[in-house]
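For reference, the structure is listed below as structure tokens.
Residue numbers (the numbering used here): 164 to 475.
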């Protein structure tokens, strides 16, 4: 039965917290899609990991997480294998203290070396059936997470075309977000004109994926202004004008974790982050989709370098 809601019901539900919107990142609703778009080689993957580390801990690296407490976060890396991820994480772990490290140990997981998330419509019925089962298993995994970052869309869609199969790509990612309840941040590259610097990054800058861009209520871009990396809110339907201000970031060469300028020292966003925690040397976890790929070798993460220790 279809029953419309009237104005008093909607207002009462909002005032009573019944239908209060929930956000994972600032401007990104739970169960919805957002996008991070940038040119190749500027540091999209490093930023994606930094966003994941912030969301999974109580440390305010960037100021983009809307959660007060650390939340479960999954990064699906379709370009970098586990050895590259291990190297990057080892470098980043050397910059954080034991409290934050333990939070990230408990809340940040990775998936890599997996099958495409979207397959062409011309695939055989058997391939379609196997892919449906694959997505069902992935959705069951994603239900455990508040935020899922997919880096990058181009590799995640396999043999699909960003223009011709745009609607299929949109529907698949929409299904993943809606059925899992997790927010999904899609990392994507920009068009050739933006790569060459002939045009500023805007809402039409994402290569192909027209309907995905229309669906996303949050689109942020990463670019270099000649002095610093800059995070810009290209589209933010649920943020005020003041909340959409540019965020200037440290360059990758200045630190392995990309941070908002002026926040190099730990800044805790929760009282939980002030409590002492014993160091756990497990490192971020890796999720395995059964019958899809083998469990990768354990990534060894070096001990945290404490203040006063020599490091060249």
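Backbone N, C-alpha and C fix where the C-beta goes; we use that ideal spot for every residue, glycine too. A quick note: this is a predicted structure, and the numbers were derived from the prediction, not measured.
DSSP three-state label for residue 183, please. Numbered from its first residue, the chain shown carries residue 183 at position 20. Residue 183: coil per DSSP, three-state reduction.
Let me check understanding here. Comparing Cα to Cα, which of 220, 247, 226, 256 lies closest to residue 189? Against the chain shown, residue 189 aligns to sequence position 26. Measuring from the Cα of residue 189, the nearest candidate turns out to be 226.
Take residue 280 as the anchor and find which of 336, 384, 311 has the nearest alpha-carbon. Within the chain shown, numbered from 1, the residue matching residue 280 stands at position 117. Nearest to residue 280 by alpha-carbon distance, out of 336, 384, 311, is 336.
What are the boundary residues of the beta strand (DSSP E) that includes residue 236? Taking the first residue of the chain shown as position 1, residue 236 is located at position 73. That run of the beta strand (DSSP E) goes 236-240.
Between the Cα of residue 347 and the Cα atoms of 373, 314, 325, which residue gives the shortest distance? For the purposes of this step, residue 347 is taken as residue 184 along the chain shown, with counting starting at 1. Out of 373, 314, 325, 314 has the C-alpha closest to the C-alpha of residue 347.
Could you give the DSSP three-state label for residue 399: helix, strand or coil? The residue you call residue 399 lines up with position 236 of the chain shown. Strand, per DSSP.
Among 212, 293, 211, 228, nearest to residue 193 - alpha-carbon criterion: Reading the chain shown from its first residue, position 30 is the one you call residue 193. For residue 193, the closest C-alpha among the options 212, 293, 211, 228 is that of 228.
Taking 9 Å as the threshold (C-beta atoms), are residue 176 and residue 168 in contact? Counting from 1 along the chain shown, the entry for residue 168 is found at position 5. Counting from 1 along the chain shown, the entry for residue 176 is found at position 13. It is a contact, given that the beta carbons lie within the stated cut-off.
Locate the alpha helix (DSSP H) running through residue 386, then write down its first and last residues. Looking up residue 386 in the chain shown gives position 223. Under the DSSP assignment, residue 386 falls outside any alpha helix (DSSP H), being part of the beta strand (DSSP E) whose first and last residues are 381-387.
Verify whether the separation of the beta carbon atoms of residue 199 and residue 384 is less than 9 Å. Within the chain shown, residue 199 is the residue found at index 36, counting from 1. Within the chain shown, residue 384 is the residue found at index 221, counting from 1. At a Cβ-Cβ threshold of 9 Å, residue 199 and residue 384 count as neighbours.
What does residue 423 pair with, by DSSP beta-bridge criteria? The residue you call residue 423 lines up with position 260 of the chain shown. BP columns for residue 423 point to 412.
Which of helix, strand or coil DSSP assigns to residue 327: Residue 327 sits at position 164 when you count from the first residue of the chain shown. Coil.
Distance between residue 246 and residue 276 (C-alpha atoms, nearest Å): Counting from 1 along the chain shown, the entry for residue 276 is found at position 113. Counting from 1 along the chain shown, the entry for residue 246 is found at position 83. Answer to the nearest angstrom: the Cα atoms are 11 Å apart.
Would you call residue 181 buried or exposed, if buried means 16 or more other Cβ atoms sit within 10 Å of its Cβ? Residue numbering aside, residue 181 sits at position 18 when the chain shown is read from its first letter. That one is exposed.
DSSP state of residue 170 mapped onto helix, strand, coil: Counting from one through the chain shown, the residue named residue 170 turns up at place 7. Here residue 170 sits in helix by DSSP.
Just mark residue 404 as buried or exposed, buried being the case when its beta carbon has 16 or more other beta carbons within 10 Å. Locating residue 404 in the chain shown gives position 241, counting from the first residue. Classified as exposed, residue 404 has fewer than 16 neighbouring CB atoms from the shown chains inside 10 Å of its CB.
I'd like the ranges of any alpha helix (DSSP H) spanning at least 4 consecutive residues and lying wholly in the region 223-280. For the region 223-280, whole alpha helix (DSSP H) runs of length 4 or above, ordered along the chain, are 245-256, 261-270.
Residue 377, buried or exposed, once every other Cβ within 10 Å from all chains shown has been counted against 16: Working through the chain shown from its first residue, we reach residue 377 at position 214. Exposure of residue 377 is indicated by the presence of fewer than 16 other C-beta atoms within 10 angstroms of its C-beta.
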